[in-house]
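Heads up: take any position in the sequence shown, counting from 1, add 66, and you land on my numbering.
Below is one structure, written out as structure tokens, with a few remarks after it.
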Amino acid sequence: MTPPDTVKGITQKPLDGVSFKAALDDPAADTGKQTQFYAMLGTRGIWHEGWFANTIHAATPAGWSHFDADRWELFHIEKDRSQCHDLAAEYPDKLEELKALWYSEAAKYNGLPLSDLNIVETMMRSRPYLVTERSTYIYYPDCADVGIGAAAEIRGRSFAVVADVTVDTTGAEGVLFKQGGAHGGHVLFIQDGRLHYVYNFLGERQQLLSSVGPIPLGRHLLGVRYARTGTVPNSHTPLGT
């Protein structure tokens, strides 16, 4: 498959990296890949032709923005895969060569500029979303999973989840709506003839609300409504009912 140059009039960036298709046909095939660049939260690494250089950037405030003070290490991966022997002092020219290559690759693959952000700054950064914000989202049965970038943004605000349901048997049960996962989210479901709603707080605590009586047969609008009433003092945690 050849990637398109444009999508809906928007010029596309070329795909990074080297195809591993040849390795699917032959495990011993040479992909031609000689360089791999790495960067995350200020920690940097570069692999090139059997050598690897890296520096671990301090995640604490004491290390913020002091990128020039980070100590680089050098390993000959082909002979030392476990990275037991730091050769930075023994081969300073090789280390400088790889450091320069890291900056070259970083410029090519959007790894610059280097910056330190705390957790609040990281969470508040603007992120691209597939859809524009709106007040109503409609989902239909058997639709594909909806990623967080396209789903309704309900964090910290009032919301209502309503499902148009036809209950045709007394043993009907199942999930009507779910969002999130094991580390946080909520779910609306029918079980044992009753409607239930579970809110999962960071995987540490689950709050359960259940209907008083069984759901009668027929068509119903079933749901849950949350109304934000304020904020916990000295925090960003919302309060509501």
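C-beta atoms are modelled at their ideal positions from N, C-alpha and C, and glycine is treated no differently.
Fair warning: this is a prediction, and the values are worked out from it, not measured in the lab.
Buried versus exposed, by CB contacts within 10 Å (16 or more), residue i
| i | result |
| --- | --- |
| Y263 | buried |
| G108 | buried |
| I76 | exposed |
| A119 | buried |
| R291 | exposed |
| I256 | buried |
| L261 | buried |
| H151 | exposed |
Opposing strand residues paired with residue i [DSSP bridges]
| i | result |
| --- | --- |
| N300 | Answer is none; N300 lacks a bridge partner. |
| D230 | L287 |
| Y24 | Nothing in the structure corresponds to residue 24, since the chain is present only between 67 and 307. |
| L140 | A119 |
| V73 | I76 |
| V241 | F255 |
| H294 | Reading off the sequence, residue 294 comes out as Arg, not His. DSSP, once it has assigned bridges, lists G306 as partnering R294. |
Residue i vs residue j beta-carbon contact at 9 angstroms
| i | j | result |
| --- | --- | --- |
| L254 | V227 | yes |
| W117 | F141 | yes |
| L287 | V241 | no |
| S131 | S181 | yes |
| T303 | T297 | yes |
| F243 | E171 | no |
| D136 | A124 | yes |
| L164 | L153 | no |
| E219 | E199 | yes |
Span of the alpha helix (DSSP H), counted from its first residue to its last, around residue i
| i | result |
| --- | --- |
| L161 | 158 to 174 |
| L90 | 87 to 91 |
Alpha-carbon spacing of residue i relative to residue j, whole angstroms
| i | j | result |
| --- | --- | --- |
| T101 | E187 | 32 angstroms |
| G289 | V212 | 19 angstroms |
| R221 | M190 | 13 angstroms |
| W113 | A248 | 35 angstroms |
| D258 | T97 | 56 angstroms |
| I214 | E139 | 38 angstroms |
| N176 | L81 | 13 angstroms |
| E270 | G250 | 9 angstroms |
| N266 | L275 | 12 angstroms |
| Q78 | T235 | 51 angstroms |
| G86 | R110 | Per the sequence shown, residue 86 should be read as Phe rather than Gly. Distance between the alpha carbons of F86 and R110: 24 angstroms. |
The beta strand (DSSP E) enclosing residue i, as first and last residue numbers
| i | result |
| --- | --- |
| A105 | 101 to 106 |
| W113 | 109 to 114 |
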